[in-house]
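The sequence shown begins at 90 in our numbering and counts up one residue at a time. Here a beta-carbon is modelled for each residue, glycine too, at the ideal position from N, C-alpha and C. Report on the structure given below.
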Amino acid sequence: MKERSKEVTGKLLLVFFAASAVFFSVWLFLFMKDPTGSQRAVMHTDGNDWFMDWFNVVYYSIGKKPYIWGLTEERSLPPLTFFLLYPFSLLYDYDVTGWVENETRYLSRYAQLPMVAALAVFVFSYLLLFYAMYKSSRKGDCLRSDTGRAVLFLLLFLSGVNIYCLDRGNLQVITAAAVFLYIYLCNDSSDSDHAKGTGRTFGIRAFIGCFCLAFAAALKIFPAVMGILLLYRKKWKEAVCAFVLGVSMYILPFLWMDMPFTEAVGGFIKTLGEHALSYMTVAEFGFSTPVIISLTGLSHGILQIAAYIAAVLSLCTAWILPGWKKIMLLMLMLVMTSGQQGYYCLMFLFLPIVLFFNEEHSWREVVYVLIFAVILSPLQRTSYLGETAIPARAVINMVMIVLYLWLIAEGIRGVLAVRRARSVG
C-alpha cells in the first residue's frame, strides 16, 4: 500500500508538470504573439517599471532618513532593509532634489555597476531559495529523483508569481529563502544536536534557523508569525533566541539612521499606517479585496474582521495538521490576513507545494495539484460576473481562500477529534 501511495504521488507530480507546462506555454505563446497585449499584465504596470522595487528602496535609503521625505507610504519597510541597501546607493550619482519628478531612480537601472550589483544579489537569493527547497525535498522519500526536483523547481521559477517578483526586483526572494531555511533547520524532529548524540539541545543548526527567521521578519515583518512552529514543538530556547535576534535587527538599524531614534521609530510607524490605508482600495489578496467587496456586498471592515478570525483559527489549529498542510495553512495566513500582500508574496507557497510532492497521497488529492497549478499560472484573463471585473489574480485569490478555509476546517476537525479522544480516555 505504501509503495502504491508513492506511485500515486509520482503520477500527481506528472499531472502538476503537465498542467503547469500547459499554462506557461499558452501564456508564452500569447505573450510572444502580442507583447503589448493582455498577457503583459503578469508584470507590474505591464513591465514598464521593471526592477523598481529594488532601485526605489536603494533611492529611499539616500541620506539615511528614509521615513521623512518623498512618498512616505512607500517607505513602510523595516529599517534593516534600508540599512542593507544603503551601500548600493553609493554606486550611482542620484539626484534627490525633486523626488516625484526624479528620473535618476529609473536611469540607474541602465548603469552597469548598479545593475550588476543588483543582479548579483538576486542570483545569490535564488541560489539560497532553491537550496532551501532542495534540502527540504530530501527529507521524505517520495520525491526521490533529482530530475523530478529540477523540473519542479523550474516550473516554480516559470510561474506567474516568480515572473512578477523578478520583474519587480523584490526582496521577497531572499525573504522566502530565509523562511524556508528556518523551517528546514528548526521544524524537524532530528534537527537538534541532542538528537545527533552530541548532548546539546541547542546548537549552531538551531541558531542559524533562528537567525533566518529573525532576518526574514526584519525584512518583511509578517514572517515573524512562523515562529509559532517553535511554540508548537515547545522549543523555548529557539523561540527566545529568534525573538532576541529579531528585536535586535529592528532596533540597531534605527541607530544607524541620521536622525533621532524616536523620530525614526515614529516615522516608521507612521508609514506603516499610510501603507495600510493606501492598500484598502487596491488590495489583490485576502478577504477584503475590492473584488470580494463587490461580489459579497460586505464592507471592508467586516471582511477584514473575518480575515482576523481566520488567522486566529489558523494559529490555533495548524499544529494538528500533518506535514505540508501545516506549512501551507500558516503560509496562506501570511498572505491572506493583512490585505497588504503583493503578488510576489505567493512565493511563500513554494515550499509547501514542494513538501506536498514529497509525501504519500491518494488520487483524491489531485484537487490540490490543480489548485497549485492555478495559483502559479501566469495566464492573464479578465472575466465578468455582472458588472464586476474579475482579473486573473482575483481568481487566484478566490482559489486560495477556498484552500485556506478548507485547511482551517480540517484543523478544527482534528482539534475536536483530539479533545473527544482525551475526554473518552
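Query raised in the report: Which stretch, first to last residue, makes up the alpha helix (DSSP H) that contains V474?
Result: It is worth fixing the name first, because residue 474 is Leu in this sequence and not Val. That residue, L474, is in no alpha helix (DSSP H); its beta strand (DSSP E) goes S472 to L474.
query: Helix, strand or coil: how does DSSP classify T65 here?
result: Outside the modelled stretch of the chain, which goes from 90 to 514, sits residue 65, for which no answer is possible.
Compare the beta carbon distance of F177 and W345 with 8 Å and say whether it is the shorter of the two. No, these two residues do not count as a Cβ contact at 8 Å.
Cα-Cα separation between A130 and K153, rounded to whole angstroms
Whole-angstrom Cα-Cα distance: 34 Å.
### Task
Measure from the alpha carbon of A399 to the alpha carbon of each residue in R322, L202, A498 and H450, then state which is nearest.
When only C-alpha atoms are compared, the closest one is A498.
- Task: Since I believe R257 is in contact with M436 (beta carbons under 8 Å), could you give me their beta-carbon distance rounded to a whole number of angstroms?
- Result: With a Cβ gap of about 11 Å, M436 and R257 do not count as contacting.
Below 8 Å, can you find three or more Cβ-Cβ pairs linking the segment 438 to 450 to the segment 240 to 247? Touching, per the Cβ criterion.
**Item:** Close-in-space but distant-in-sequence residues of the same chain around L174 (CB under 6 Å, 5 per side omitted)
**Value:** Result list for L174: V146, V147 and S150, in chain order.
Original post:
Any contact of the segment 485 to 500 with the segment 369 to 381, i.e. 3+ C-beta pairs under 8 Å?
Top reply: A contact exists between the segment 485 to 500 and the segment 369 to 381.
> Got a sec: does the ligand ADP put a non-hydrogen atom nearer than 7 Å to the Cβ of L245?
Replying inline: Among the components of this structure there are no ligands whatsoever, and the ligand ADP is therefore not found.
Query raised in the report: Could you give the distance in angstroms between the alpha-carbon of T287 and the alpha-carbon of L319?
Result: Only weak support is given to the placement of T287: the predicted model assigns it a pLDDT of 43, under 50, and the value that follows is read from those uncertain coordinates. Each residue's Cα considered, the two are about 21 Å apart.
Straight-line Cα distance separating L444 from S225
Their Cα atoms are separated by approximately 7 Å.
Measure from the alpha carbon of L102 to the alpha carbon of each residue in W116, N447 and M204, then state which is nearest.
-> Answer by Cα proximity: N447.
Assign A331 to one of three DSSP states: helix, strand, or coil.
-> DSSP, reduced to helix, strand and coil, places A331 within a helical segment of the structure shown.
| message | Strictly by DSSP, which residues pair up with T477? | response | Within the DSSP secondary-structure output, T477 pairs in a beta bridge with L474.
>> Let's test the definition: count the other Cβ atoms within 10 Å of the Cβ of R502 and tell me whether it reaches 16, buried, or not, exposed.
In response: By the neighbour-count definition (other C-beta atoms within 10 Å, threshold 16), R502 is an exposed residue.
Straight-line Cα distance separating R453 from M90
Low confidence applies to M90: its pLDDT is 48, below 50, so where it sits in the model is not reliable, and the reading given next is rough at best. Using only the alpha carbons, I get a separation of about 15 Å.
To the nearest angstrom, how far is it from the Cα of L299 to the Cα of A265? The sequence shown places Cys at residue 299, not Leu. Distance from the CA of C299 to the CA of A265, rounded to the nearest whole angstrom, comes to 14 Å.
Assuming the contact rule is C-beta atoms closer than 8 Å, M315 and F269 should be a hit. Round their C-beta distance to whole Å, please.
The pair is not a contact, with the Cβ atoms about 10 Å apart (cut-off 8 Å).
*Put V504 into one of helix, strand or coil per three-state DSSP.*
Helix, per DSSP.
Q. So is P168 buried or exposed if we call it buried at 16+ other beta carbons inside 10 Å?
A. By the 10 Å Cβ count, P168 comes out buried.
Of the listed residues L218, I297, C405 and Q429, nearest to I310 (C-alpha basis): Looking at L218, I297, C405 and Q429, the one whose alpha-carbon comes closest to that of I310 is Q429.
Option nearest R508 by Cα separation, candidates T406, S337 and Y156: If we check each option's Cα against that of R508, T406 comes out closest.
- Task: Any chance you could list the beta strand (DSSP E) runs of at least 3 consecutive residues sitting entirely within the segment 408 to 490, in chain order?
- Result: With a minimum length of 3 residues, the continuous beta strand (DSSP E) runs that stay inside the segment 408 to 490 are 472 to 474 and 477 to 479.
Are the beta-carbon atoms belonging to P203 and L166 less than 8 Å from one another?
Going by C-beta atoms, P203 is not nearer than 8 Å to L166.
Run through DSSP, which three-state label would M315 get?
In this structure, M315 counts as helix in the three-state DSSP scheme.
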